[in-house]
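Okay, structure first, notes after.
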Amino acid sequence: MQTRSARSPARPHGALALSFVLGGILLAFILLPLLALTAGQSPTALAQVASSRDVLDAIGLSLAGAALATLCAAFFGVPLGYVLARTSFAGKTFVSAVVDVPLAVPHTVAGIALLFVFGRQGLIGAAADAVGLQFWGTLAGVVVAMLFVSVPYTVNSARLGFEAVDPRLEQVARTLGLGPWHALYRVTLPLAWRGIMTGLTLTFARAIAEFGAVVILVYYPMTAPVKIYELFIRFGLEEATGMALLLLAVSLALFLLLRWLAYGRGHTSGLGR
Amino acid sequence: MSDVAVEQLTLELGEFALLDISLSLDAGEIGVILGPNGAGKSVLLETIAGFHRPAAGRVVISGREVTTKPPEQRHVGFILQNFGLFPHLTAAENISFGLHIRRRQRGSGEIAPLLARFRLEGVADRLPDTLSPGEKQRTALARSLITEPDVFLLDEPFAAIDTRTSDTLREELRQFIRDARIPALFVTHDHLDAVALADKIAVMWEGEIVQSGTPSEVFQRPKNRFVAEFLGVENILAGTIMARHAGGYSVYVGGQRLEVPPGNESLNAEDEVLLCLPADAVDVRQPGGAASLREFPGLIVAMASAGPLVRLTLDCGFPLTAHLLRRTVSERHLQPHQAVTVDIDPAAVHLIREP
Amino acid sequence: MNQHPTSIQQIIAPLLGVLIMAISPSAHAADSVKLTVFAAGTLAVPFRALDEAFQKKYSEVEVQPQFGGSVKMAKQITELHQDADILAVADYSVIPKYLFAGDGKPGLTTWYVGFARNAITFVYTDKSKYAQELTPQNWYQVLARPGVEIGRSDPDTDPSGYQTVQMLDLASRFYKDPQLSTKILANASPKNLRDTETALISALQIGQIDYLAIYRSDALQHHLKFLELPAEINLSDPAHAKFYEQGVAHTKNGDLSGKPIVYAITIPSVAHHADWARKYIAMLLGPEGQRILAANGFGAFTPAYAVNADSVPPDLHPLVKPWPGS
Chain R
659 MQTRSARSPA RPHGALALSF VLGGILLAFI LLPLLALTAG QSPTALAQVA SSRDVLDAIG
719 LSLAGAALAT LCAAFFGVPL GYVLARTSFA GKTFVSAVVD VPLAVPHTVA GIALLFVFGR
779 QGLIGAAADA VGLQFWGTLA GVVVAMLFVS VPYTVNSARL GFEAVDPRLE QVARTLGLGP
839 WHALYRVTLP LAWRGIMTGL TLTFARAIAE FGAVVILVYY PMTAPVKIYE LFIRFGLEEA
899 TGMALLLLAV SLALFLLLRW LAYGRGHTSG LGR
Chain B
42 MSDVAVEQLT LELGEFALLD ISLSLDAGEI GVILGPNGAG KSVLLETIAG FHRPAAGRVV
102 ISGREVTTKP PEQRHVGFIL QNFGLFPHLT AAENISFGLH IRRRQRGSGE IAPLLARFRL
162 EGVADRLPDT LSPGEKQRTA LARSLITEPD VFLLDEPFAA IDTRTSDTLR EELRQFIRDA
222 RIPALFVTHD HLDAVALADK IAVMWEGEIV QSGTPSEVFQ RPKNRFVAEF LGVENILAGT
282 IMARHAGGYS VYVGGQRLEV PPGNESLNAE DEVLLCLPAD AVDVRQPGGA ASLREFPGLI
342 VAMASAGPLV RLTLDCGFPL TAHLLRRTVS ERHLQPHQAV TVDIDPAAVH LIREP
Chain C
3 MNQHPTSIQQ IIAPLLGVLI MAISPSAHAA DSVKLTVFAA GTLAVPFRAL DEAFQKKYSE
63 VEVQPQFGGS VKMAKQITEL HQDADILAVA DYSVIPKYLF AGDGKPGLTT WYVGFARNAI
123 TFVYTDKSKY AQELTPQNWY QVLARPGVEI GRSDPDTDPS GYQTVQMLDL ASRFYKDPQL
183 STKILANASP KNLRDTETAL ISALQIGQID YLAIYRSDAL QHHLKFLELP AEINLSDPAH
243 AKFYEQGVAH TKNGDLSGKP IVYAITIPSV AHHADWARKY IAMLLGPEGQ RILAANGFGA
303 FTPAYAVNAD SVPPDLHPLV KPWPGS
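Protein chains in written order, with the numbering used here: chain R, 659 to 931; chain B, 42 to 396; chain C, 3 to 328.
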């Protein structure tokens with residue numbers, strides 16, 4: 659795969675070297691705490707944690723919740739990213755700012771705000787209750803809490819992805835006989851694919867890690883972060899880090915898979931233009 | 042056989058507008074819309090292609106009115122700046138892109154003759170980023186051709202390409218359009234495109250067609266200062282008609298008197314006019330020789346090389362630019378800051394009445 | 003875009019600025035004594051008031067309190083090796099369990115002082131289901147009605163969680179209704195559980211739950227309506243300690259029997275400022291501390307009860323008496 663930097667004229671060597679050093683420091687900053695978690699972790703304790711029904715259920719719930727939140731983000735967030743990339747309207751700046759707000763809201767506050775709307779007496783919660791859907795202590799609650807705090811990543815990345823696609827390419831596709839939906843599907847979506855997948859990956863990651871907003875709506879059944887916290891309270895550091903490691907391993911495997919889906923298949927060198 | 046006609050097209054679109062645009066092209070004809078950025082050229086193409094609904098007027102392609110049809114039903118070939126290839130698809134995939142739509146499920150075998158015709162066999166599996174400009178143009182043309190378009194719409198395809206390459210590409214394009222017997226509408230801000238390609242020219246400015254006609258009509262008889270400047274007329278001089286007589290006009294320019302043959306405009310004494318004078322209609326030689334009404338004394342202010350030509354900046358009481366062959370300059374021993382005799386070809390002078 | 007790479011100075015200057023800003027607060031740190039107090043979340047309000055009074059009296063000290071679940075705060079000392087000067091817990095038994103020597107581990111303290119007591123109660127709002135009909139006499143019938151949602155904290159992780167279950171077990175005996183506890187707990191399903199009950203106050207106010215089992219002190223501090231439960235069951239009175247033992251909660255950590263809710267405090271051996279910690283506890287046990295505790299809904303002991311009174315630092319001796327029955 660050809661990359662842009664490989665073809666571009668030689669950069670100043672000092673800048674690249676400095677970037678290597680600074681990037682390496684950052685990588686160490688990310689890896690050292692994670693490695694510290696593994697240090698002193700006994701394989702037997704890890705195996706014990708990994709074979710606990712509770713732990714596996716919690717990880718399963720987190721993955722299911724994050725996957726559903728990511729699907730919702732894709733379904734609603736990608737179209738919003740498209741609108742923000744392709745149109746200009748009064749109040750667009752305001753809409754963009756609103757999309758970013760969940761990133762700045764403390765997560766406990768986000769959870770309480772969601773409870774106002776999705777609680778049994780809330781605007782949506784009461785209506786949903788009438789058809790048997792509850793958000794208090796349910797998977798649906800996990801999903802809305804995860805979605806709220808993580809959907810900005812999808813909207814913003816998808817928007818950047820769409821903005822990088824020349825809208826006139828879609829026009830060309832139309833003149834070649836494609837209807838508007840078909841042109842979107844065959845030209846714009848594949849070209850914005852990386853941006854969209856980056857956003858969805860970030861959303862998924864953020865959703866798995868979410869604690870503060872989720873725990874307001876749902877403590878039982880426990881998501882993985884809540885379970886890790888509970889293990890720490892009930893047993894101690896070893897059990898908690900054991901489960902944390904397990905969660906990290908599962909997440910890492912999933913991120914690698916998602917990255918491969920986003921970047922690793924088909925023709926990619928033309929996507930960056 | 043196909044043709045295209047636009048009749049009294051009117052449209053308002055944000056900061057762009059089209060005002061009463063009419064034009065028509067026959068099969069194999071290339072029409073060039075020439076205008077500066079923001080003139081509405083691209084909007085005009087997009088309206089013909091079906092991306093904007095005009096407020097008034099009609100678009101007729103091959104005798105079929107398509108004014109309200111969506112782009113996918115208009116059968117237009119749309120070629121953009123840098124040719125607008127899909128960057129995520131190979132040359133062959135680009136070419137067969139429209140194929141699956143019009144006629145589903147025919148194998149890629151169908152594009153083989155097309156690849157051969159456009160000399161693209163060797164690059165069929167390459168992504169557009171790795172193609173030369175010529176290969177890109179041929180890929181784009183092949184991609185459009187496969188959908189059997191009734192008209193080609195080209196939006197500054199050469200704008201980002203160096204001059205030497207675009208000369209070749211223009212020639213290839215012209216040949217292709219002629220052979221395909223499909224009309225083509227080409228918008229550009231570069232008058233060199235117009236010179237090389239156009240059967241018809243329309244100059245557009247602020248949503249209106251200011252002047253249209255054959256290339257020679259438009260280039261030799263620009264209608265106003267905007268058109269003259271835009272078409273690259275080097276010398277546009279303000280003057281006054283001194284007298285009108287059987288042989289034409291006597292015109293005062295910067296204290297000099299010039300005899301100009303009659304043009305198609307009817308002018309009277311005292312009229313303020315602009316004289317349009319191509320730089321290659323100005324001759325410069327060593328001072329002396331028989332004085333005549335087409336000759337002036339002048340001074341070479343500066344000389345600059347421009348390809349095979351030398352551009353001389355002259356002061357004759359008014360500024361004047363002349364293009365001479367490099368060889369001529371050296372044979373005549375012309376030097377900067379030298380006094381010279383300037384000879385103007387009256388037949389090349391075009392007079393525009395100043396409003 | 004063709005932006006020129008910024009010069010190294012331009013990159014490093016702001017980085018240095020950030021570093022300097024990050025470092026500078028700790029440069030001031032040497033100026034005052036930082037007294038680290040780990041305390042149960044329920045103590046946050048009275049301890050903050052006490053901190054202020056303490057800092058007013060001793061301006062050279064800056065009290066840095068951290069609040070959380072009692073067990074979590076204890077484990078922050080024992081497992082995460084954070085050096086606290088003082089540990090105050092909501093359940094006195096946490097200190098011997100985690101900080102005393104045993105299981106081959108060296109201990110981090112040998113004594114503790116019970117300095118306040120609390121009671122389990124239920125808080126509610128005007129919006130709560132059947133709140134209008136609620137009386138101190140019929141509460142256990144009202145809370146058992148179908149459709150009532152009751153919040154409580156997790157008995158597996160939080161003292162107030164198992165204390166609530168113990169209280170309900172005692173209520174079954176006290177009101178002679180063996181099904182009482184089961185019926186009320188049926189309205190307090192796992193989805194209404196949190197790691198700490200104060201996390202459910204917003205849910206109560208929003209109307210997601212109707213009643214919340216909580217400490218009397220929290221009820222007062224949050225200005226919530228609460229039930230005044232009989233002393234025989236609310237775990238507030240060491241005089242009823244024998245009866246409390248009959249209230250049992252079954253948890254993942256085994257069966258836990260009821261004990262009076264007595265807050266205990268100690269100075270772990272890892273304390274950096276044991277001298278200041280003693281002064282802090284002296285103020286807590288003295289009239290000023292007891293006044294603050296009472297104002298925040300806690301019952302006070304005067305003098306306080308000490309376990310292993312002999313090990314209690316000598317300057318605190320006048321303020322304590324031996325724990326009854328120990």
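Each residue gets a CB set at the ideal place from its N, CA and C atoms; glycine is no exception.
For clarity, every value in this text was computed on a predicted model and none was experimentally measured.
Please report how far the alpha carbon of residue i lies from the alpha carbon of residue j, in whole angstroms.
i	j	result
residue 97/C	residue 266/C	8 Å
residue 910/R	residue 190/C	37 Å
residue 168/B	residue 723/R	39 Å
residue 224/B	residue 235/B	15 Å
residue 198/C	residue 703/R	27 Å
residue 321/C	residue 280/C	11 Å
residue 840/R	residue 851/R	15 Å
residue 254/C	residue 158/C	6 Å
residue 695/R	residue 905/R	12 Å
residue 217/B	residue 129/B	26 Å
residue 368/B	residue 347/B	13 Å
residue 298/B	residue 228/B	40 Å
residue 186/B	residue 689/R	55 Å
residue 868/R	residue 804/R	6 Å
Quick one, are the C-beta atoms of residue i and residue j less than 8 Å apart?
i	j	result
residue 88/C	residue 40/C	yes
residue 857/R	residue 812/R	yes
residue 222/C	residue 214/C	no
residue 793/R	residue 807/R	no
residue 227/C	residue 114/C	no
residue 122/B	residue 197/B	yes
residue 222/B	residue 238/B	no
residue 323/B	residue 361/B	yes
residue 98/B	residue 50/B	yes
residue 72/B	residue 287/B	no
residue 190/B	residue 117/B	yes
Hey, could you find the ends of the beta strand (DSSP E) residue i is sitting in?
i	result
residue 763/R	Neither: residue 763/R is in no beta strand (DSSP E) and is coded neither H nor E.
residue 57/C	First-last for residue 57/C: 46 to 59, but that is the alpha helix (DSSP H), not the beta strand (DSSP E).
Can you tell me whether residue i is buried or exposed? The criterion is at least 16 other CB atoms within 10 Å of its CB, across all chains shown.
i	result
residue 372/B	exposed
residue 342/B	exposed
residue 327/B	exposed
residue 218/C	buried
residue 205/B	exposed
residue 843/R	exposed
residue 686/R	exposed
residue 783/R	buried
residue 257/B	exposed
residue 918/R	exposed
residue 87/B	buried
residue 276/B	buried
residue 697/R	exposed
residue 119/C	buried
In the DSSP assignment, find the alpha helix (DSSP H) that holds residue i and state where it starts and stops.
i	result
residue 821/R	797 to 821
residue 913/R	895 to 921
residue 153/B	153 to 158
residue 740/R	736 to 744
Are the region 131 to 145 of chain C and the region 157 to 164 of chain C touching, with three or more C-beta to C-beta distances below 8 Å?
Touching, no.
Does the contact criterion of 3 or more C-beta pairs under 8 Å hold for the region 231 to 241 of chain C versus the region 257 to 274 of chain C?
Contact between the region 231 to 241 of chain C and the region 257 to 274 of chain C is present, because at least three Cβ pairs lie under 8 Å.
Evaluate contact between the region 809 to 825 of chain R and the region 876 to 894 of chain R, counting only Cβ atoms and requiring at least three cross-stretch pairs below 8 Å.
Cβ pair count under 8 Å is below three, so no.
Give a yes or no on contact between the region 783 to 791 of chain R and the region 710 to 721 of chain R, applying the rule of three or more CB pairs nearer than 8 Å.
As far as the Cβ criterion goes, the region 783 to 791 of chain R does not touch the region 710 to 721 of chain R, which means the pair count is below three.
So, does the region 130 to 137 of chain B touch the region 152 to 164 of chain B, judging by three or more C-beta pairs under 8 Å?
yes
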